[in-house]
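Chains as they are written, first to last, in our numbering: chain A, 3 to 456; chain B, 3 to 456. The C-beta atom is built at its ideal place from N, Cα and C for all residues, glycine as well. Because the structure is a prediction, the values reported are computed rather than measured.
Number of protein chains: 2
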Amino acid sequence: MDCALLEELQAVLPGRVSTSSSDLDRYSTDEGPVVSPASPEAVVRARSVADVQNLLRWATRHTVPVVSRGAGSGLSGGAHATPGSVILSLEDMNRIVAVNPDDETAVVEPGVINADLNQAVAEHGLMYAPDPASHRWSTIGGNVATNAGGLRCAKYGVTRDSVLALEVVLADGTLVSTGHAPFKGVAGYDLTSLMTGSEGTLGVIVGITVRLRYLPRSVHTLAAFFGDFPKAAAGVLAIGRARVQPAILELLDGRTLEALDRAHGSNLRRRGGSLLLTQTDGYGAATEAEMITAALTEAGAVVSEENSAEAEHLVELRRDSRGASAEDLYRVGEDVAVPKSQLVSYVTALGAMAEKHGVQLKVIAHAGDGNLHPTFWVERSQGDLGRSRLEEALDESVRSALELGGTITGEHGVGQHKRRWLAWEQSEEVLDLQSGIKRLFDPLGILNPGKAIC
Amino acid sequence: MDCALLEELQAVLPGRVSTSSSDLDRYSTDEGPVVSPASPEAVVRARSVADVQNLLRWATRHTVPVVSRGAGSGLSGGAHATPGSVILSLEDMNRIVAVNPDDETAVVEPGVINADLNQAVAEHGLMYAPDPASHRWSTIGGNVATNAGGLRCAKYGVTRDSVLALEVVLADGTLVSTGHAPFKGVAGYDLTSLMTGSEGTLGVIVGITVRLRYLPRSVHTLAAFFGDFPKAAAGVLAIGRARVQPAILELLDGRTLEALDRAHGSNLRRRGGSLLLTQTDGYGAATEAEMITAALTEAGAVVSEENSAEAEHLVELRRDSRGASAEDLYRVGEDVAVPKSQLVSYVTALGAMAEKHGVQLKVIAHAGDGNLHPTFWVERSQGDLGRSRLEEALDESVRSALELGGTITGEHGVGQHKRRWLAWEQSEEVLDLQSGIKRLFDPLGILNPGKAIC
Chain A
3 MDCALLEELQ
13 AVLPGRVSTS
23 SSDLDRYSTD
33 EGPVVSPASP
43 EAVVRARSVA
53 DVQNLLRWAT
63 RHTVPVVSRG
73 AGSGLSGGAH
83 ATPGSVILSL
93 EDMNRIVAVN
103 PDDETAVVEP
113 GVINADLNQA
123 VAEHGLMYAP
133 DPASHRWSTI
143 GGNVATNAGG
153 LRCAKYGVTR
163 DSVLALEVVL
173 ADGTLVSTGH
183 APFKGVAGYD
193 LTSLMTGSEG
203 TLGVIVGITV
213 RLRYLPRSVH
223 TLAAFFGDFP
233 KAAAGVLAIG
243 RARVQPAILE
253 LLDGRTLEAL
263 DRAHGSNLRR
273 RGGSLLLTQT
283 DGYGAATEAE
293 MITAALTEAG
303 AVVSEENSAE
313 AEHLVELRRD
323 SRGASAEDLY
333 RVGEDVAVPK
343 SQLVSYVTAL
353 GAMAEKHGVQ
363 LKVIAHAGDG
373 NLHPTFWVER
383 SQGDLGRSRL
393 EEALDESVRS
403 ALELGGTITG
413 EHGVGQHKRR
423 WLAWEQSEEV
433 LDLQSGIKRL
443 FDPLGILNPG
453 KAIC
Chain B
3 MDCALLEELQ
13 AVLPGRVSTS
23 SSDLDRYSTD
33 EGPVVSPASP
43 EAVVRARSVA
53 DVQNLLRWAT
63 RHTVPVVSRG
73 AGSGLSGGAH
83 ATPGSVILSL
93 EDMNRIVAVN
103 PDDETAVVEP
113 GVINADLNQA
123 VAEHGLMYAP
133 DPASHRWSTI
143 GGNVATNAGG
153 LRCAKYGVTR
163 DSVLALEVVL
173 ADGTLVSTGH
183 APFKGVAGYD
193 LTSLMTGSEG
203 TLGVIVGITV
213 RLRYLPRSVH
223 TLAAFFGDFP
233 KAAAGVLAIG
243 RARVQPAILE
253 LLDGRTLEAL
263 DRAHGSNLRR
273 RGGSLLLTQT
283 DGYGAATEAE
293 MITAALTEAG
303 AVVSEENSAE
313 AEHLVELRRD
323 SRGASAEDLY
333 RVGEDVAVPK
343 SQLVSYVTAL
353 GAMAEKHGVQ
363 LKVIAHAGDG
373 NLHPTFWVER
383 SQGDLGRSRL
393 EEALDESVRS
403 ALELGGTITG
413 EHGVGQHKRR
423 WLAWEQSEEV
433 LDLQSGIKRL
443 FDPLGILNPG
453 KAIC
C-alpha cells in the first residue's frame, strides 16, 4: 500500500493503526482453513463508532478492502485477510452499554464476549441464549456476523432469534439503525436479519440490541450411551417422537469420546460407543428428563442422570471436543445440517465415506437441529495425495448432505472456505439476487470481498 | 385496461380470470382502512405455481401492477387494489403438500388456512405456533407476507421464527427457493427473512416450509382481574420479574370487557376493571401457573384458574375482541409495540390522549411482547371534524410509542395505512436501502406498488 495512503489512515485514526509484523501476522487469519494466504496492509483496532466511520470513509475514498473481525474465532475463514486489505478489529469496542431487566434486553458493542454478557445479566435472572462452543472467547458481534448457533439453540434458537436491532456502519461511513427495541416489529424490510449472518460483507455491526431469556432455575442433564453412532442418532428421533424439547441435545461419536478421554483423562469411551448428551431446563425439566430417559432406554441406551458438577464437566467437554489444531495433521471440520429424519442415514453414510476415501473421521452434532460437525483428517506425512483424498471426502460429505435435503453450513457461515459449495446448494438466480444486494450495500466492493457469497 | 391485454391474460390463464363486478368489488380491499379506494382490473385465482408464473410474465410484459392476497384478512391495507392493478388471489393454492413428523416440519401452499394446518399436524403431536387472531380464516401465505404475530408468540415467536424455507415467484416469473429444510442454515444472505413481512412487494410466495412445535400436553389458563388498566399492565412486568414465560399473555381493558359482555353475554367487566389473561403450557405449566398466580396476587389482582372449557372460551373471546366493523362509527385500530418496561406509561398516556382529542378508546394487547392494539373511534355523525380528531389521536398514539422506543407496527405490517408513519420511525438512509432492495427485486415496480415501504 502506498505510504501516503497509510499516513492518511494514521492521521484520521491516530493511535488505532498498527503495521507491526506481529499484528499483521496475528490478524491475518481466523480459525478457518486458509484457502489463499494473505497478509493485511494494516490493522485498525477501533474504539468507537466514529473510528469505524472514519476508517470506512477513508476506505471508500481509496477503494481499500476492509475485513472486520471480533475475536477471530470463526471457522470458515470469514475474517481471513485478503490481498491489500485492512483488518478492522472490533475487540476493543467491548462495552455492555445497557442491561434492561424489565425489557429483558441488553445493548452491547460488538466486541463484548458472549460469556461476559451472560455473566452480566445472570444477576437479573436472565441469559443470552446463543452459546457457540467458543462462547468464552467469541464476541457477540462475530456471533451476529455469522448468525452463530450453539448448544442451547435446540430450544432457544440461533443468534438471529435473539437479535432485535442493530447499529451498522455502511460502506461509505453512514451509520444506520435497523430493527426495533420491542420484541416485535414489522416496519419495512427485515434488514436486521439481512445483516445477521452476512459476515461483514454488507456493513460493519457496531451496536447490537439482544433479547434475553429467563435463566432456568432447574436443569437436568442426561448422559445416554449407545452401542454405536447410528443407534445414538436414532435416539435423537426417539426424543423427538416423545415430543419433548431439550435445551441441549448433543451427539458425540466413539472417536470423539476417545479423543476426549485422551485429552482429559475421562472414561467416556468405556461407557459406550456413542454419547447422546441431553439437557432439559425450566419448570418442566425433571418431568422432561424422565420422559427422555424412558424414550432413550427404550431405544437401547444406558441412561444416567448426571449430578450438576459432572453435567457441567460433560457439557464443557463437548464444547471443547473440536480439539486443538495438530501440526502433524491435515484436518478440516464441516458444518452441514440435514432434516432430522435423515440423521441416521447421514451418519451411516459418513462412516462409509471415510472408509472409501481412506481418511480418518470423528463426528459431533448439535443433533436437535440436525447440524453435524464431521471432522476429517489425514496424516500430514501423506502429502498431496492424502490432502486430495481429504478434499474428496469433504466434497462427498457436503454433496451427500445436500442430497438428503440439507445445507452446506448450519451455523459457521460460508466465509472463504465454503464458497466452493455454495452453488451446489443455491440456484444461479438466488446467487444473483445476493450479488445484487451486495452491490446495493457496497457498490465499491470494499467490505470483506471474496467471502460469504459467490 | 386495454381489451387486448385482458384477452391475452385470459388466454395465458384460461378459467382463472374474473372481471365480474362482484369479484372486482369483493377483492378490492382487505380488512384495513381504505386510504385511496380503487377497483382492480381483474382478479386471477391461481391454482398452481405455473399460474402465478404466467401471470407475472404477462404483468412484466405489460408493466401491470399485481396485488397478491390470501384471505384478505390483513389489517393495514396491504392487499388493497391500486389503480390499474390485477389482484392475484392465492386462496385456491391450499394444499398441505407434506407433513414430516420426524423432521417436525410441514410444506404448504400459500392458501392453506392457519387453523387447517394446525388441525392436520395435531395428530402427530405437533402444532404450527403462530396464531394471529384471524387463525381460523387467514392463510399461511398471508401470515408470512405480513410476518404475522398472534397470541402464542409470547413464548413461540412470530411467523418468521417458524419459517424455514420459501418458494417465491419473482416479478419476471422466475421461481426461486430460499432458506433451508433443516432447522438451521446460514448459506448466503437471509432471503427468507427478507421475504417474510415484505407484503408481496418483492415476490409472490408460492410455497412455505414451516417448523412445527410440540403440542403441549398440559395447559393452564389464568384470568387475573385488576382494578384498572395501568395496574394490569404493571402485572405484565410482575410476571416478567418472576422470570416465568407464559405461552399467552393478553391484556384487555375495561372498555373491551364491556364490549365483549355486550356481544357475548359474558360478565367480565363485573369481575374487574381490566383482565390479564395468561396461559402456560408444557411440562412446567402447573408450576408456572402457581408462580404467576403468586406474582399477580401480590400485584393486586384477583386471580382464578379457569377450567379448560371456560379457558378456551376466554381465549376465543380475546381473539374476537377486535369486534365487527360498525357502520355508524369511524374506527381505526392500531398496532404499535413498546419495550415492556414502557407498558404502564404507554397505556396511561393512551387514556389521556383519547380524552384530549375527544375520541373513544379501547385497548387490547399482546402484552408479553409489548404489542398493543388500541382502537380509537368517533361516531360517524361527528363528520369530518370527528374524523380529523380521530386522525390526530392516531398520530399522537404512534408518536408517543416511538418516543418510548417503540415501533409503528408490531405485527400487522405497514400496508397502505401505516406508510404515513414509516419515516417517523426509520431514517432516510434506511428507507433508501429498502427502496434499493425493492428496485433490485422488482425493477418495473409491478409488485404491490405503494405498500409496505416509502
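Could you list the residues in the segment 239–265 of chain A with a C-beta less than 8 Å from some C-beta on chain B, going in chain order? Cβ contacts with chain B: 239, 242, 243, 245, 246, 247.
Could you give the first and the last residue of the continuous alpha helix (DSSP H) run that contains residue 427 (chain A)? Here residue 427 (chain A) refers to the residue found at position 425 of the first sequence. 421–427 is the span of the alpha helix (DSSP H), which, as asked, contains residue 427 (chain A).
Range of the contiguous alpha helix (DSSP H) that encloses residue 299 (chain A): The residue given as residue 299 (chain A) occupies position 297 in the first sequence. Counting along the chain, the alpha helix (DSSP H) containing residue 299 (chain A) begins and ends at 287–300.
For residue 231 (chain A), which three-state DSSP category applies? Numbered from its first residue, the first sequence carries residue 231 (chain A) at position 229. The answer is helix: DSSP assigns residue 231 (chain A) an H, G or I state.
Counting only beta-carbon separations shorter than 8 Å, does residue 399 (chain B) have a partner in chain A? The count along the second sequence starts at 1 and reaches residue 399 (chain B) at position 397. For residue 399 (chain B), the answer is no, since every Cβ of chain A falls outside 8 Å of its Cβ.
List, in chain order, every chain A residue whose beta-carbon is nearer than 8 Å to that of residue 17 (chain B). Locating residue 17 (chain B) in the second sequence gives position 15, where the first residue counts as 1. Those do not exist, as residue 17 (chain B) stays about 29 Å from chain A at its closest Cβ, beyond 8 Å.
Check residue 412 (chain B) in the structure and name its three-state DSSP category. In the second sequence, residue 412 (chain B) corresponds to position 410, counting from 1. Of the three classes helix, strand and coil, the one that applies to residue 412 (chain B) here is coil, per DSSP.
Based on DSSP bridge pairs, tell me the residues matched to residue 376 (chain A). Here residue 376 (chain A) is taken as the residue at index 374 of the first sequence, counted from 1. In the DSSP output, where bridge partners are listed per residue, residue 376 (chain A) has A:365.
With DSSP collapsed to three states, give me the class of residue 251 (chain A). The residue you call residue 251 (chain A) lines up with position 249 of the first sequence. Residue 251 (chain A): strand per DSSP, three-state reduction.
Local Cβ density within 10 Å of residue 97 (chain B), reported as buried at 16 or more and exposed below that: Looking up residue 97 (chain B) in the second sequence gives position 95. Burial call: exposed.
Note down, in chain order, each residue of its chain lying with its Cβ closer than 8 Å to the Cβ of residue 331 (chain B), except the 5 sequence neighbours on either side. As a position in the second sequence, residue 331 (chain B) is number 329, starting the count at 1. Contacts found: 379, 380, 381, 382.
Measuring CB atoms only, is the segment 80–96 of chain B touching the segment 23–37 of chain B, in the sense that at least three cross pairs come out at less than 8 Å? yes
Let me confirm a value: residue 281 (chain A) is counted as buried when at least 16 other C-beta atoms fall within 10 Å, else exposed. Which label applies? Residue numbering aside, residue 281 (chain A) sits at position 279 when the first sequence is read from its first letter. Burial state of residue 281 (chain A) is buried, judged by a 10 Å Cβ sphere holding 16 or more other Cβ atoms.
Hey, is residue 183 (chain A)'s beta-carbon within less than 8 Å of any beta-carbon in chain B? Locating residue 183 (chain A) in the first sequence gives position 181, counting from the first residue. Closer than 8 Å: yes.
Identity of the residue in B:5, B:168, B:67, B:115 nearest residue 40 (chain B) by Cα: Indexing the second sequence from 1 puts residue 40 (chain B) at position 38. Closest by alpha carbon: B:67.
Please identify, using Cβ separations under 8 Å, the residues of the segment 419–434 of chain A that lie next to chain E, in order along the chain. Looking at the structure shown, chain E is missing, and the protein chains on hand are A and B.
Stretch pair the segment 436–454 of chain A + the segment 197–205 of chain A: three plus CB contacts closer than 8 Å: Counting Cβ pairs under 8 Å, three or more are found: they touch.
Should residue 351 (chain B) be flagged as near chain A, meaning a C-beta pair shorter than 8 Å? In the second sequence, residue 351 (chain B) corresponds to position 349, counting from 1. It does not: the Cβ of residue 351 (chain B) has no partner Cβ on chain A nearer than 8 Å.
Counting along the chain, where does the alpha helix (DSSP H) carrying residue 460 (chain A) start and finish? Nothing about residue 460 (chain A) can be read from this structure; chain A reaches only from 3 to 456.
Buried or exposed (CB count within 10 angstroms, at least 16 for buried), residue 276 (chain B): Taking the second sequence and counting its residues from 1, the one referred to as residue 276 (chain B) is at position 274. When all chains shown are included, residue 276 (chain B) counts as buried.
Under 8 Å (Cβ pairs) to chain A, residues found in the segment 326–341 of chain B: Only those residues of the segment 326–341 of chain B whose C-beta falls short of 8 Å from the nearest C-beta of chain A are listed: 339, 340, 341.
Under 8 Å between C-beta atoms, does residue 149 (chain A) make it to chain B? As a position in the first sequence, residue 149 (chain A) is number 147, starting the count at 1. By this cut-off, residue 149 (chain A) is an interface position.
Which residues bound the beta strand (DSSP E) around residue 102 (chain B)? Residue mapping note: residue 102 (chain B) aligns to position 100 of the second sequence, counting from 1. Segment 98–102, the beta strand (DSSP E) holding residue 102 (chain B).
Which parts of the segment 72–159 of chain A are runs of the alpha helix (DSSP H), unbroken and 4 residues or longer, counting only runs that do not cross its ends? 116–124, 142–148, 155–158
In chain A, what lies closer than 7 Å to residue 178 (chain B) by C-beta? For this step, residue 178 (chain B) is matched to residue 176 along the second sequence. Within 7 Å Cβ-Cβ: 429, 431, 432.
Hey, quick one: how far does the alpha helix (DSSP H) through residue 1 (chain B) stretch, first residue to last? What the structure shows of chain B is the stretch from 3 to 456, and residue 1 (chain B) is not part of that stretch, so it cannot be assessed.
Let me make sure I understand the geometry here. Which of A:127, A:26, A:319, A:179 has the alpha-carbon closest to that of residue 197 (chain A)? Reading the first sequence from its first residue, position 195 is the one you call residue 197 (chain A). For residue 197 (chain A), the nearest C-alpha among the options comes from A:179.
Reduced DSSP secondary structure (H/G/I, E/B, other) of residue 190 (chain A): As a working note, residue 190 (chain A) is residue 188 in the first sequence. Looking at residue 190 (chain A) - three-state DSSP - the assignment turns out to be coil, as it is neither helix nor strand.
Considering Cα atoms alone, identify which of A:57, A:24, A:328 is closest to residue 18 (chain A). Stepping through the first sequence from its first residue, residue 18 (chain A) is reached at position 16. Considering only alpha carbons, the answer is A:57.
What is the DSSP secondary structure of residue 48 (chain B), reduced to helix, strand or coil? Against the second sequence, residue 48 (chain B) aligns to sequence position 46. Coil at residue 48 (chain B), not helix or strand.
Looking at the secondary structure, which residues open and close the alpha helix (DSSP H) in which residue 283 (chain B) lies? Here residue 283 (chain B) refers to the residue found at position 281 when the second sequence is read from its first residue. That residue, residue 283 (chain B), is in no alpha helix (DSSP H); its beta strand (DSSP E) goes 276–283.
Closest to residue 118 (chain B) by C-alpha separation, out of B:105, B:104, B:99, would be which residue? Counted from its first residue, the second sequence places residue 118 (chain B) at position 116. Nearest of B:105, B:104, B:99 to residue 118 (chain B), Cα basis: B:99.
With 16 other CB atoms within 10 Å as the buried threshold, where does residue 112 (chain A) fall? Within the first sequence, the letter at position 110 stands for residue 112 (chain A). The Cβ neighbour count for residue 112 (chain A), taken over all protein chains shown within 10 Å, is at least 16; the residue is labelled buried.
What does DSSP give as the partner residues of residue 224 (chain A) in its beta bridges? Numbered from its first residue, the first sequence carries residue 224 (chain A) at position 222. A:280, A:307, per the DSSP bridge assignment.
Pick from B:53, B:184, B:134 that is closest to residue 375 (chain B), judged by C-alpha positions: Taking the second sequence and counting its residues from 1, one reaches residue 375 (chain B) at position 373. Checked all of B:53, B:184, B:134; the closest Cα to residue 375 (chain B) is B:134.
Please report the residue range of the beta strand (DSSP E) in which residue 244 (chain A) lies. Numbered from its first residue, the first sequence carries residue 244 (chain A) at position 242. Neither: residue 244 (chain A) is in no beta strand (DSSP E) and is coded neither H nor E.
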